[in-house]
Structure formats: C-alpha cells, structure tokens
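Encoded structure:
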C-alpha cells in the first residue's frame, strides 16, 4: 500500500527537500549572468512552462500510481528505460555533489576552519556519509526534515530581503531570454521525476494543488528574491546571503545552508537511487543508495559548482526532450484510446533523438525560440506527434488487412 499524503506534505517535500537550495543558487546564478530584468523575465516564463508540464504529470501520476521509472518502462521498454534512468540519476548525482560542496564550505566557514583540498575532502566525506545514512529511514524521515526546511527557507529569504538596503543597479545588459532555459533546466529533472513522489498524493486534486503551490506561489517568488539579493554582487551563495548583518545572522545563514543542503540532498539521493535500481533488478534500493552516495561524495571534490550553468544546459536538453516524449505520448493515448505497444518504442527513441538534436543546434546558434530547453521540447513534441500519427496509421492498416 502506497503511503498517501496531502498537498501540504507533498509541497513541503518538493520545496524543502528537492528545490530548497537550488532555488537560491539559481537566483544568484542568473542574476550575475543576465542582470535583474532578464533574470526575472526568465523566472516567470520558465516556471509557467514548468507549471504546464507539472499539471499533466500530476494527473498521470495520480491515475496510475507508478514511479518515474515504471512509467518510463511503459514508453521505452525494459531495455530503453536504462537511458531514461541514466539521464535522471546523472542530474541528481551532479546536484548532490554541488550541494554537498556548498554544505562543506558553509560548515568550514561556521567553525572558521582554514580550507584546503584535504580539509574540504574530509568534510565532504563526513557529510556525505551522514546524508546516505539518513535516506535509509525512507520517505517519512525525509518528510520530517523537509517540513522543517521549507519554513526556514521562507524566513531566511524574507528576512534577508526585508533588511537589505540594496539598490538594484541599472542594468547595462540587454533584455534576453537566456535565463528561461537555465530556470527550466534547474527544475526539469525534478518535474520529470514528479511521479516518484506524486504517486503518494491522496487524490488528483491534492497533486494538482501541490503543483500550483510549487510552480506559482513558491519557486518563482523565492527565485526572484534570490535574484534581488544577488543583484550587483559577486561571490558564493554564502557571501550573498550573509551580506553585512553581523555575527548572529552569519551563524544563522551558515546553519541554514547546511540544513538546506542536507534536506535537498536527501531527496537527490533517494531519487537517484530509485533511478539507479532500473539499471538492474539485482540492485536493491539500499545498495543503490550506498553506490550513489559514494559517487556523489567523490564528485563533490571537483569544481562542478563553477560550471553549473553548462551542466544545466546539457541536462535541460536531454531531460526536456525525454520528458516531452512521455507527456506528448500520454496525451495522444488519452485522446486516441489506443494503448502503447512494444512496436512504438523505436518511434519514441527517435522523437527523443530529434529533440536532443534540435536542442544542440539551438545551443550552437540555430534556434527556434532562442530558449535551448524549449527548442529541445518542441523538437521532441513534433517528433512524437509525427511518430504517433505513423503508429496509428500503421495499426489501422494492419487492422484492415486482418479484417479481410
């Protein structure tokens, strides 16, 4: 029996446990890269697109009560699901590593310990092991930590925004849509992996309510606050939040970043381990958790944080096109009433390939909309529709031939 949760608990897990720290980090990243106006525009447009995807995924999740990987088997087959799992687990793995690095930096700053590669490595090891152990207690333990983290996130950012005397500097950068792709890429893996968590919703209404809370009332607001706090300022996310508010505030921010990273990485580890289990039925969730936690801890010792936007672009292209194939095909099945068969799998892979190809071309100067992840989704959507049309025509031909 799947444990059922209401919209508030679902939202707490997703906001406090999945997007808590990334929300702050992405606001800082796009503010420094694109300027205030373009960053805010990117947040509004990006989350509107994510909202549409999330609503469809919530409906699908509450109807079939399957994990993301179980859904992937339906659309790509037992063999094809490994590619799906690899994309999602890679995204979770890199986020796990990046946030573990932020946690270690915050912990060393808290105790005024002079950093070095060896000291940071030891801190990564200790924190990585602790996070891995927490996940053994399952979704209930993560729910408790996430429920604590979400209100702390709201209080921390609200206070930082209220007490700042920052004036938004006049932007010398032109208005662009570049931030839209970064915003989508930050949350696309979480959006596509929503079935793993949304299958716990008490009803479709609770699932949809949770999606609205996440992509309308929470993430955009918090990202915009992050953009405002980071405007005209360089440095790490710790530097941005600390500001110049004294020792107690610095202590609070440091402890908060450690907790935020902890709760977020609990969910990254859980999601990544679930995806990893799809590679082989012989791998248990416990074993996958240990493997994933170990790999993430090792990767935390590399400078992935400095190349975060590059990673987000790549993962946005791959996962946006992959998720669009599933969403589009799900809608086609709902309209046509014809179920998916193994004969459809090659067409789904072809549509995914088309989406990735269009996204890569967009990134290298041949765009449709100038938004890389959206271009990838458009390519996958068109490819899936054409493939679905050919599938339906072929089936009709077979049925007519058989009837004779």
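Numbering (the numbering used here), first residue to last: 897 to 1300.
Beta carbons: idealized from backbone N, C-alpha and C, even for Gly.
Bear in mind that the values here come from a model prediction, so they are computed numbers and not experimental data.
Extent of the continuous alpha helix (DSSP H) run through residue 1085: 1074-1088
Proximal residues to residue 1186 (C-beta, below 7 angstroms), its chain only, five neighbours per side dropped: 1028
Alpha helix (DSSP H) segment containing residue 1204, residue limits: 1204-1232
Beta-carbon proximity check, residue 1305 vs residue 994, cutoff 8 angstroms: A query on residue 1305 cannot be resolved here, the shown segment of the chain reaching from 897 to 1300 and no further.
Residue 967, buried or exposed, once every other Cβ within 10 Å from all chains shown has been counted against 16: buried
7 angstroms Cβ shell around residue 1256 - same chain, five flanking residues per side excluded: 1213
Beta carbon of residue 929 nearer than 8 angstroms to that of residue 1205: yes
Neighbour-count burial assignment, residue 1020, 16 or more Cβ in a 10 Å radius: buried
The alpha helix (DSSP H) enclosing residue 978, as first and last residue numbers: 964-1006
Span of the alpha helix (DSSP H), counted from its first residue to its last, around residue 1242: 1241-1259
Within 8 angstroms, strictly: CB atoms of residue 1217 and residue 1270: no
Entirely enclosed alpha helix (DSSP H) segments - the stretch 1152-1210, minimum 4 residues: 1181-1195
Per-residue DSSP class, three states only, for residue 1069: coil
At least three beta-carbon pairs within less than 8 angstroms, the stretch 1276-1283 to the stretch 1222-1232: yes
Identity of the residue in 1233, 1173 and 920 nearest residue 974 by Cα: 1173
Between the CA atoms of residue 1239 and residue 1006 - distance to the nearest angstrom: 57 angstroms
Candidates 1229, 1156 and 1150, of which the one nearest residue 1047 by Cα: 1156
Start-to-end residues for the alpha helix (DSSP H) that takes in residue 1100: 1100-1108
CB of residue 977 within 8 angstroms of CB of residue 1118, strictly: no
Bridge-paired residues (DSSP) for residue 1097: 901
Cβ shell of residue 1154 (< 7 angstroms), same chain only, five flanking positions each side left out: 999, 1002 and 1003
Proximal residues to residue 964 (C-beta, below 6 angstroms), its chain only, five neighbours per side dropped: 1089, 1091 and 1092
Where the alpha helix (DSSP H) containing residue 957 begins and where it ends: 932-960
Burial state of residue 1022 (16 or more Cβ within 10 Å): exposed
Neighbourhood of residue 1102 by C-beta, 6 angstroms cutoff - its chain only, sequence neighbours within 5 removed: 902 and 903
Range covered by the alpha helix (DSSP H) that runs through residue 1123: 1115-1126
Rounded C-alpha distance that separates residue 1267 from residue 1210: 13 angstroms
As assigned by DSSP and simplified to three states, the class of residue 1013: helix
Residue 1237 in three-state terms, based on DSSP: coil
Member of 1074, 1285, 1248 and 1258 whose CA lies at the smallest distance from the CA of residue 933: 1074
Cβ distance (whole Å) where residue 943 is taken to contact residue 1079 below 8 angstroms: 7 angstroms
Nearest to residue 1095 (by Cα), restricted to the options 960, 1286, 1281 and 1288: 960
Cβ distance (whole Å) where residue 1281 is taken to contact residue 1232 below 8 angstroms: Actually they are not in contact, since the Cβ atoms of residue 1281 and residue 1232 sit about 12 angstroms apart, beyond 8 angstroms.
Residue 1123 versus residue 1234: straight-line alpha-carbon distance, rounded: 46 angstroms
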